[in-house]
Structure formats: structure tokens, C-alpha cells
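What follows is a single structure, written as C-alpha cells, with notes after it.
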Amino acid sequence: MRQHPAVADAAVLLSEGNGTASNLSAFAELASGVQPSAEQARQNAQQRARQIEQQIDGAAFRALMEGADRVAILAMSDRLRCDGLFTQAASRHSLEEIYQATGVAEVHQRLLRRWLDGLISVGALQQDEQGDYHSLIAADAERLQQCWQEVEQWEQRAGYGSQTLHYIRVCSHCLRGLLRGETDVRGILFPEGELSTAHAAYRDNLVSRSMNNIVIAAVTTLAAASHKPLRILEVGAGVAGTASDLVPALAEYRPEYWFTDLSEFFLMEARKLFAAYPWMHYGIFDMNEDAVKQGMEMNSFDVILCCNVLHNACNAGEVLAQFSSLLAPGGSLVFIEPFRRHNYPLLVSMEFFPELTGFTDLRATTDQTFFTREQWLCSGTLNLAT
Ligand SMILES: C[S@@+](CC[C@H](N)C(=O)[O-])C[C@H]1O[C@@H](n2cnc3c(N)ncnc32)[C@H](O)[C@@H]1O
Numbered sequence: 158m159r160q161h162p163a164v165a166d167a168a169v170l171l172s173e174g175n176g177t178a179s180n181l182s183a184f185a186e187l188a189s190g191v192q193p194s195a196e197q198a199r200q201n202a203q204q205r206a207r208q209i210e211q212q213i214d215g216a217a218f219r220a221l222m223e224g225a226d227r228v229a230i231l232a233m234s235d236r237l238r239c240d241g242l243f244t245q246a247a248s249r250h251s252l253e254e255i256y257q258a259t260g261v262a263e264v265h266q267r268l269l270r271r272w273l274d275g276l277i278s279v280g281a282l283q284q285d286e287q288g289d290y291h292s293l294i295a296a297d298a299e300r301l302q303q304c305w306q307e308v309e310q311w312e313q314r315a316g317y318g319s320q321t322l323h324y325i326r327v328c329s330h331c332l333r334g335l336l337r338g339e340t341d342v343r344g345i346l347f348p349e350g351e352l353s354t355a356h357a358a359y360r361d362n363l364v365s366r367s368m369n370n371i372v373i374a375a376v377t378t379l380a381a382a383s384h385k386p387l388r389i390l391e392v393g394a395g396v397a398g399t400a401s402d403l404v405p406a407l408a409e410y411r412p413e414y415w416f417t418d419l420s421e422f423f424l425m426e427a428r429k430l431f432a433a434y435p436w437m438h439y440g441i442f443d444m445n446e447d448a449v450k451q452g453m454e455m456n457s458f459d460v461i462l463c464c465n466v467l468h469n470a471c472n473a474g475e476v477l478a479q480f481s482s483l484l485a486p487g488g489s490l491v492f493i494e495p496f497r498r499h500n501y502p503l504l505v506s507m508e509f510f511p512e513l514t515g516f517t518d519l520r521a522t523t524d525q526t527f528f529t530r531e532q533w534l535c536s537g538t539l540n541l542a543t
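Everything in the sequence shown is counted per my numbering, starting at 158 for the first residue and increasing by one.
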């Protein structure tokens, strides 16, 4: 045991009891710090990221991302103006007036506050000392149309993939209904239960492809370094955006891979997709609920994988603490999360998912959905013990 990398020290104590009975007690202290295989996985992931970066037309990609921000900012501004707000140079509105004019559903008031915050942070809106908002940038359908054309041109140069942009464009046309809670964003992401828009968002566009590739580099490194088949728990595996390529890449290592989600629908699809891999397992798992009550064993997984799902944690610190208990000594949490303070395309699309509410961690006071990178790296943010 003392030679195992996850064990700092171990001892066995034999104590003589009365008569013929004696007691054998065993003690093990877990090693702290990063395991060599985890460090190797981190390095290989970084190397993959550098390779991907070299293959991308950086200038076109940056221009595309800036263009996508611009269209989302203009779409927000256009929406507010269409609701009769900020139409005069001297117009000033309180938050309450903006709620009234937009007819925003209570569940999306937090998101609307983030819109205002996001607009202020790029100078597209001003707020005075009384807290009233004024001087919103001009926007109209014609300007929006022109900006979308620029975005499409950059998309072709960057090779990003047009379907995700199309989805954002459709959402930005539906902002009135989305804000009022009359249009369900899930109907736009999964039109008539069809998955290709969601595949584009989580698997096929340039960013998702790249991020998934980096995850594959990390997890296959862990699998290659392990002396036994890995036990992997994928949480919120959804439309298999990451698993689609990760599972075949792991085939030679035959891990015990648990593909889990809240929804039986995704499990059904995954069973078909991964029928050729007998080591795949499927289950319903809600990370916000007690894992043991859901049949999980503590200290039993080598890898927990969360791709674009950790923001669904009601309390990120509690969910991470639960993951820490589920991981075996030396285990790794691998995750993908957006971390920009204001991700404008998400503010007009994905952030309308109704379940992104009721946070009980720091986000309860900041209106955020996604933690920033600095917040992830600061254990105080998440209220973690270590
Ligand atoms: C944004 S999607 C990401 C899908 C997938 N990871 C991918 O990359 O294709 C988030 C997924 O997390 C699932 N989810 C939401 N809340 C969850 C929770 N509390 N526990 C587990 N999964 C959850 C949703 O059902 C959805 O499939």
C-alpha cells in the first residue's frame, strides 16, 4: 500500500486481546497534491490546445467572436427599444420600468439585469447615481442585418460552423417571447425533438470540437496511465457532444464508463449511439441530489467528467464536495465551462434555459450563471474546504 501513488503512508497494528482474540487495525493516509498521471494529463491537454490553436485562423476567429458579441448586443438593444425604452436621447428608466416595459417573466428578471450589466460593461448603456439607466446605443433591424452578414463572412473564413450561429440568430429574433416566458428556448434548441442544433452547439462548432478534443487528450492520458480500467462518471452527458468522440477514443482501454443525465431521452439515444461498446453503462443521475441515495458508491470513480453542466449546480461548492467524495484517491475531475463575465451570444440564447435559477452559492447575489475563471480558481468563491 505504501507504494501506491495515492497513499502517503500506511500502517497495520496488531493488538493482543484477552485470551486467544486479538485485533488487527489498519490505517492509511491519502497522499495530497497532484498525481503524476493527472499532471501528465494536464500537460497533454495543454499540448493539444496549442496544436489546435496553430490550426485556427486566429484573426478570423477573433473577428467572428467580436462580431457575434456585436450582434447579440445590438439584438438586446433593439429589443429594449422595440419595447419603447430609451427612444429619446434624454430617456431614463428605472429597473422596475424596464421590467414593466419588457413584460419580462419573473424567472428571467435575473437575466435581464445581466443584460443591463453586460451592456454597461461595453459602454452600450449608462447608469446614473440614482441607479437609472440611460444612453442605450442605437440599434435597428437594418443595422442588425448588416452585422449578421459580417458575422457570416467571418464564419466562413474561420470555419466555425454556421448552425450554432443560426441558432443564436433565431433566438435573437425571439427575444420578446423568450423574455416574457412565452417562448421556450428548448423548443429552439431541440425543434420537434430533433438533435442537430444541439449537436452543432455541443459537438460540431469549432469551439466545441476544440474543447472536446482537449478533454479527449486529458482522459485518454489518464486511461493509458492507469494500471486498471478506469471508472468514469460523465455527468449531464446530454446529446453526447463530448462522448461521441471520447468513447471511441477510449475503446482500447475498455473503461467502465457511466453515461448519465437527468433525462431518459438522452440515455436512449446514447444506448443506440454506443451499442458497439459493451463497457458503456447508462443511468439517471442528478448532481444536485445525494449521490449515495442514487446508488453511487463513495471513492469509486477515477474520473468525473462534466461538459457544460457544472453551471447547473444549485450550489457549486456542495456539488464539488460531493464529487470529491465520489472520486477514488488520486481521481480527477475534468470539466468544460464557459467563464466569460458577459458572454453576449449566451445571454440571448442558452441563458434562457429555465432551470438556470435558484442558485444558492455566490451566484445568488451576483446574478451570474457561469463563474469566471478567477472564481473557479479561488476556493473561497465556492466555499470549498480546500
Ligand atoms: C448544456 S447540456 C450539455 C450536454 C453534454 N454535456 C454535451 O456536451 O453534449 C447540459 C446537460 O446537463 C444536464 N443536466 C442539467 N442539470 C443537471 C443536474 N442537476 N444533474 C445532472 N445533469 C444535469 C441536462 O439534462 C443536459 O443534458
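Each residue gets a CB set at the ideal place from its N, CA and C atoms; glycine is no exception.
Check	Outcome
Rounded straight-line distance, which links the Cα of Leu503 to that of Ser319	16 Å
Ile294, DSSP secondary structure in three states	coil
Proximity to Gln479 [Cα-Cα], best of Gly395, Ser353, Leu390 and Gly338	Leu390
Length-filtered (4 minimum) alpha helix (DSSP H) runs lying within the segment 190 to 256	193 to 212 and 215 to 239
Cβ neighbours of Ala542 in the same chain (closer than 6 Å, five flanking residues each side left out)	Any reading at Ala542 needs caution, since the residue's pLDDT is 47, under 50, leaving its predicted position unreliable; the model's value is listed next. So the list is empty, once near-sequence residues are dropped.
Residue of Ala178, Gln302 and His161 minimising C-alpha distance to Pro193	His161
Straight-line gap, Asn472 to Ala355 (C-alpha atoms, nearest Å)	26 Å
Neighbour-count burial assignment, Ser172, 16 or more Cβ in a 10 Å radius	exposed
Contact set for Ile373: own chain, Cβ-Cβ below 7 Å, skip 5 residues either direction	Asp402, Leu403 and Ala406
From Phe458, Glu421 and Ile277, residue whose alpha carbon lies closest to that of Ala485	Phe458
Closer than 8 Å: Gly215 CB and nearest ligand 1 heavy atom	no
DSSP state of Pro435 mapped onto helix, strand, coil	coil
Asn369 versus Leu379: straight-line alpha-carbon distance, rounded	15 Å
Euclidean distance between Cα positions of Arg343 and Ala433	30 Å
heavy atom of ligand 1 below 8 Å from Ala473 C-beta	no
Contact set for Ala168: own chain, Cβ-Cβ below 6 Å, skip 5 residues either direction	Phe184
Which residues DSSP lists as bridging Leu390, in chain order	Trp415 and Ile461
Per DSSP, cross-strand counterpart(s) of Ala168	Phe184
Member of Arg530, Arg360, Glu253 and Phe510 whose CA lies at the smallest distance from the CA of Tyr290	Glu253
Cβ contact check for the segment 418 to 435 and the segment 488 to 501: 3 or more pairs under 8 Å	no
Proximity test, Leu419 beta-carbon vs ligand 1 heavy atom, cut-off 8 Å	yes
DSSP beta-bridge partners of Phe492	Cys463
Where Gly440 falls: helix, strand or coil (DSSP)	strand
For Leu335, the first and last residue of its enclosing alpha helix (DSSP H)	Leu332 to Arg337
Leu276: first and last residue of the uninterrupted alpha helix (DSSP H) it sits in	Gln266 to Ser278
Among Arg199, Glu186 and Leu170, the one whose alpha carbon lies nearest that of Ser179	Leu170
For Ser182 and Tyr359, the rounded distance between their alpha carbons	50 Å
Neighbourhood of Leu187 by C-beta, 6 Å cutoff - its chain only, sequence neighbours within 5 removed	Pro486
Contact test: Leu507 Cβ vs ligand 1 heavy atom, cutoff 8 Å	For the sequence presented, residue 507 should be read as Met rather than Leu. Met507 Cβ: within cutoff of ligand 1.
Endpoints, alpha helix (DSSP H) assigned at Asn500	No alpha helix (DSSP H) contains Asn500, which DSSP labels as neither H nor E.
Check whether Asn465 and Gly395 have beta carbons under 9 Å apart	yes
Thr522 beta carbon near ligand 1 (any heavy atom closer than 8 Å)	no
Burial state of Ser482, where buried means 16 or more other Cβ atoms lie within 10 Å	exposed
Arg530 vs Phe496 beta-carbon contact at 9 Å	yes
Touching by the beta-carbon criterion (3+ pairs, under 8 Å), the segment 220 to 237 and the segment 299 to 311	yes
Neighbour-count burial assignment, Glu351, 16 or more Cβ in a 10 Å radius	exposed
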